[in-house]
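First residue of the sequence shown: 1, per the numbering used here; consecutive thereafter.
One structure is given here, and the rest of the page talks about it.
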Amino acid sequence: MARRNDGWGDGDKIKIGVCVMEKKVSCSPMEQILERLRAFGEFEIIIFGDKMILEDPIESWPICDCLIAFYSSGYPLEKAEKYAALRRPFLVNELAPQYLLHDRSKVYQQLKLYGVPVPTYAVVRREYPNQELSYFVEEDDFIEIHGKRFCKPFVEKPIDGDDHNIMIYYPSLAGGGMKELFRKVGNRSSEFYPYVRKVRRDGSYIYEEFMPTGGTDVKVYTVGPVYAHAEARKSPVVDGVVMRNSDGKEVRYPVLLTPSEKQIARSICQAFRQAVCGFDLLRCDLGEATSYVCDVNGWSFVKSSYKYYDDAACILRKIFLDEKAPHIASTIPTSLPWKISEPVQPSDAVRCHERGTVGISRPSEELRCVIAVIRHGDRTPKQKVKLKVTEEKLLNLMLKYNGGKAHAEAKLKSALQLQDLLDATRILVPRARSGRESDSDVEVEHAEKLRQVRAVLEEGGHFSGIYRKVQLKPSNWVRVPKDNREGEEEYPVEALMVLKYGGVLTHAGRKQAEELGRYFRNNMYPSEGPGLLRLHSTYRHDLKIYSSDEGRVQMSAAAFAKGLLDLEGELTPILVSLVSKDSSMLDGFQDGTIDINEAKAQLHDIIISSEVANCNEPMEFPWMVDGARVPKNAAQLLTDLAELTKEITAQVKMLSDDEDEKAAIGGDSPNPPYDIATALGNAEIDTDRISAGLPCGSESFLLMFARWKKLERGLYNERKKRFDTTQIPDIYDSCKYDLLHNSHLNLTGLSDLFKVSQLLADGVIPNEYGINPKQKLKIGSKIARRLLGKILIDLHNTRREVTAAAAESNTHNDTTTVSSAKLKERSYYEEVRNECVERSSSNKKAIDLDDSHEETKYCLDPKYANVVDPERRVRTRLYFTSESHMHSLMNILRYCNLDESLNGEESLVCRSSLDLLFKTRELDYMSYIVLRMFENTEVPLEHPKRFRIEMTFSRGADISSLESGGKESLLPDDHTMPIMEPERLQEVGSYITLDKFDKMARPFAMPAEDFPPAAPSQPLPVRFCKDIELQAGKLQHKSDMLSGILKRKTKKLQE
1 MARRNDGWGD GDKIKIGVCV MEKKVSCSPM EQILERLRAF GEFEIIIFGD
51 KMILEDPIES WPICDCLIAF YSSGYPLEKA EKYAALRRPF LVNELAPQYL
101 LHDRSKVYQQ LKLYGVPVPT YAVVRREYPN QELSYFVEED DFIEIHGKRF
151 CKPFVEKPID GDDHNIMIYY PSLAGGGMKE LFRKVGNRSS EFYPYVRKVR
201 RDGSYIYEEF MPTGGTDVKV YTVGPVYAHA EARKSPVVDG VVMRNSDGKE
251 VRYPVLLTPS EKQIARSICQ AFRQAVCGFD LLRCDLGEAT SYVCDVNGWS
301 FVKSSYKYYD DAACILRKIF LDEKAPHIAS TIPTSLPWKI SEPVQPSDAV
351 RCHERGTVGI SRPSEELRCV IAVIRHGDRT PKQKVKLKVT EEKLLNLMLK
401 YNGGKAHAEA KLKSALQLQD LLDATRILVP RARSGRESDS DVEVEHAEKL
451 RQVRAVLEEG GHFSGIYRKV QLKPSNWVRV PKDNREGEEE YPVEALMVLK
501 YGGVLTHAGR KQAEELGRYF RNNMYPSEGP GLLRLHSTYR HDLKIYSSDE
551 GRVQMSAAAF AKGLLDLEGE LTPILVSLVS KDSSMLDGFQ DGTIDINEAK
601 AQLHDIIISS EVANCNEPME FPWMVDGARV PKNAAQLLTD LAELTKEITA
651 QVKMLSDDED EKAAIGGDSP NPPYDIATAL GNAEIDTDRI SAGLPCGSES
701 FLLMFARWKK LERGLYNERK KRFDTTQIPD IYDSCKYDLL HNSHLNLTGL
751 SDLFKVSQLL ADGVIPNEYG INPKQKLKIG SKIARRLLGK ILIDLHNTRR
801 EVTAAAAESN THNDTTTVSS AKLKERSYYE EVRNECVERS SSNKKAIDLD
851 DSHEETKYCL DPKYANVVDP ERRVRTRLYF TSESHMHSLM NILRYCNLDE
901 SLNGEESLVC RSSLDLLFKT RELDYMSYIV LRMFENTEVP LEHPKRFRIE
951 MTFSRGADIS SLESGGKESL LPDDHTMPIM EPERLQEVGS YITLDKFDKM
1001 ARPFAMPAED FPPAAPSQPL PVRFCKDIEL QAGKLQHKSD MLSGILKRKT
1051 KKLQE
């Protein structure tokens, strides 16, 4: 800020010139602050006005001691500079640096010069629209600028600082599309366009990495280098809906800045020499919490904060007096010379409502933590096709995407890769059957599988490649001369193609997840008034959502978040902004595969023999026997299952043949290119397809027939005369899907098949994770070990945070009360913190093992927040996963006391709930387990009953309408099954302390110090290497040379 002291006298007032556009002068914050400055009696405020600024020469402008001048639309900044040079007033915000604010690239350069963290970025400058630039490369899922790669999601900003149309481009693995951010129009601040994939080329832009902030932005307002006020608001990148209060103002909540953020504010004031300045802060948790500045706005004031107006006026007064009248005391007066009524604080009734939680009968308790493990929503059946391929086009495709390595497999998942495969299959096989009598059975089966591959690839693009994965594994080779003719090398002539598809989240699954999110919002948290939404928006709700790597699980998590936080719009932006993937914790069987296969083998013998131990004797604990719930007549039911499956397959084949005839008559018309966004827009049932008598969703009759034919063949091997009982869950799954979604096809016997398959599945599915409690416990501890370890860390992190807050508030009262409790947590959390440091160095996407550290604890500013109990926080951790983890975690909770190390301890689950779980048929779609931790504030911190754990669960989707015979009139019109209410796992009035839960669960949980580093963040599986084109030329040469060999080899293999 420019300094000048002209010897101001005691009897004079300091003249403050306000040389800004009238629109800015008349805004409420400026009026409030200027009025306060007048009230001090030490200043004369001179407002220049638009006519003077725009039309009058600077020589006629009033002479002033201090000048408030800043750029806005239409403002003559150069003219104001000349006035300042002529009259030399003290400048609150210097004028020359304001030119920097018009160029975002110069803003970032200046920030970096002063050590302020900014996102990783690169600049693309064009002299004219659509100019081709040699240093700029764009592919489907990334761009490269001067060799620096930006994988989607990334942000595109105009270099022009006055252009506020900012774009975010999303990866195809998250559904693709683009979100446009803009200045608020009504209650909108962004719009999502699912079909826009290419970046703009009409001008110059900055590209930067997308920074995940958990759906919250922070606006910071400085008044001088030693004062900064910060407010959190809902980020426009989530759903673009602006939250407004009853006065129509955007809802924002004051938050405290960390020490490093305060230094950032000071540095920005100095870098741009702007005393009054606003900037945008992105708080990110990429392994370690870091704040980045993504925009600097220049002169900005907070809206609707009387305390801020008081502070700003007092600080500006001090600045003016220090510059022009340092002999006058500039300390803040004890009583301010104005009286403005403050907003009324919430009443005690509101406070009680905020403290209360549904289901709690103890008024002294506070909800501190909510942990939920949730299964994904309704999905299509999962499918797999295997076939050996010898076709030259397919072998070349494999070599193209495996780097040209003869023994390496290729994984095709991206849109470009799958489009290549689709093009090849369209050439190799027609859509309709050939019908040639000369075709052998092997040739017919091979062609049918290729037609199936083609049909799968031509389906609407469900969530990009996540629902379609193709592996090409070389299986046979010949030796050919090398390119340089020096020696020989192996070249593949046969490969195994494995196509995995299906498992798509249906419109019903999406609706289920969203509705469950709303249920959580209204029932798991304070339900009166704004409840969770108020808690979340005020930085008192510490929310993190984790998902496995499966697309249906990720989309379920995004839909749930939409309902939980009352969001609007498409799921892709919500998914990218709020959901973190952790496949190591929520995917797969971990080390339990061998034990599961052993359990399945034992279960097979039990079913075939129909011998369940003591099945005819009443037992006190029926769940303790091997193969509990397997029907007595399982062997006969298995035979019935095979016959009924054949009947359904035959009916679907007739429908498929009719479809095939229509395709033959209609010709092999070309299909549109592979589209990766179609299905994301289908949130509702496709009534047109159902009215036309087609299968629900995008499945064709060909694929429906392939699904049932595979089940028929898999269940019973005609040649070996042997049943495969592992197919029972798949038949039940497929039958349940068709009964719910395809009842309009009127398949005879489908309801009978459902009843038989359900009887068998009720015995098979829970026993696949162990045929008795001890085996269930062993398998569960292997599958859910990491997840349970993370849950314990969540609970202990919460207790430590509460203990630390209590210690701060009680420091002056009784330090001994909290000392022992703090020591109790310290040793455990030193291990956690060390582990977190190690992880952050190797993986920026590490889980939050120590996300309560003092530096990273973001919370409300109690001086400004109009919120009761601003220090109150609730931690929420949501883990979305699949059926295997649900069973595994539940088995640990119910049987943990059977472990030898816990001999004599009672189960965490009460007897009545053990009976209920035994009778529970399945943990269906959207089933969940919830742990809520409450703090009893009336007992000492070190008391065992200070923290209580409450456990509930829900069986998920209510399929009672299917069990009633599957009558179409009884099924929901939208195919969406309601989610069953939660049920307690403890007796009413029982008390499980945190220490008790920890003792019972710890033997089966991964210790914090043993958490392996999560897999490093990988770029999206899109291989757009520059050497692909070079490899293609070499491969073409080899393929020409081997054409004859391949033809001979193909004929031999077919024979």
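Even glycine gets a Cβ: it sits at the ideal position worked out from N, Cα and C.
From a predicted model like this one, the values you see are computed outputs, not experimental measurements.
Nearest to residue 153 by alpha-carbon distance, out of 174, 161, 138, is 174. Per the coordinates, the alpha-carbon of residue 795 lies some 7 Å from the alpha-carbon of residue 369. Between residue 935 and residue 947, the C-beta spacing is below 8 Å. Listed as beta-bridge partners of residue 477 by DSSP are 492.
Annotation for residue 798: 368, 369, 875, 933 place their beta carbon closer than 7 Å to its own, counting only its chain and skipping 5 residues before and after.
Using a 10 angstroms sphere on the CB of residue 141, the tally of other CB atoms reaches 16 or more, which defines it as buried.
Around residue 928, the same chain offers 372, 374, 954 as residues with beta carbons nearer than 6 Å, after the five sequence neighbours per side are excluded. Under DSSP, no beta-bridge partner is assigned to residue 748. Around the Cβ of residue 481, a 10 Å sphere holds fewer than 16 other Cβ atoms; the residue is exposed. For residue 593, the number of other beta carbons within 10 angstroms of its own is below 16, and it is reported as exposed. Taking C-alpha positions only, residue 198 is separated from residue 129 by approximately 15 Å.
The beta-bridge partner set that DSSP reports for residue 952 consists of 930, 984. By the CB criterion at 8 Å, residue 268 and residue 222 fall inside the cutoff.
In this structure, 418 is the residue among 376, 108, 447, 418 with its C-alpha nearest to the C-alpha of residue 469.
Taking 8 Å as the cut-off, the beta carbon of residue 160 is found closer than this to the beta carbon of residue 102. Rounded to whole angstroms, the separation of the alpha carbons of residue 80 and residue 38 is 24 Å. Between residue 215 and residue 194, the beta carbon gap of about 20 Å keeps them out of contact (Cβ cut-off 8 Å).
Counting only runs that start and end inside the region 75-104, the alpha helix (DSSP H) elements of at least 4 residues fall at 77-87. Residue 646 has its alpha-carbon roughly 12 Å from the corresponding atom of residue 714. A contact between stretches requires three or more CB pairs, one per stretch, nearer than 8 Å, and the region 487-505 fails this requirement with the region 733-746.
Annotation: the continuous beta strand (DSSP E) that includes residue 144 extends over 142-145. Contact between residue 78 and residue 50 does not hold, since their C-beta atoms are separated by about 17 Å, which reaches or exceeds 8 Å. For the pair residue 376 and residue 553, the CB atoms are nearer than the 8 Å cut-off. Looking at the DSSP output, residue 649 sits in no beta bridge, so it has no partner there. The Cβ atoms of residue 540 and residue 800 lie no closer than 8 Å to each other. Taking the Cα positions, residue 239 is about 27 Å away from residue 123. In the same chain as residue 100, and ignoring 5 residues on each side of it, the C-beta atoms closer than 7 Å to its own belong to 106, 107, 110, 272, in chain order. Membership of residue 265 in the alpha helix (DSSP H) is indicated by the continuous run 259-272. When only Cα atoms are considered, residue 45 and residue 165 end up about 36 Å apart. Selection 232, 561, 557, 638 evaluated against residue 581 yields 557 as nearest (Cα-Cα). Nearest C-alpha to residue 997 among 950, 960, 403, 983: 950. Taking C-beta atoms under 8 Å as the contact rule, residue 279 and residue 220 qualify, at a distance of about 5 Å.
For residue 292, DSSP records a beta bridge to 282. As a beta-bridge residue in DSSP terms, residue 541 pairs with 874.
Rounded to the nearest whole angstrom, the CA to CA distance from residue 662 to residue 687 is 21 Å.
The residue among 186, 573, 311 with its C-alpha nearest the C-alpha of residue 244 is 186.
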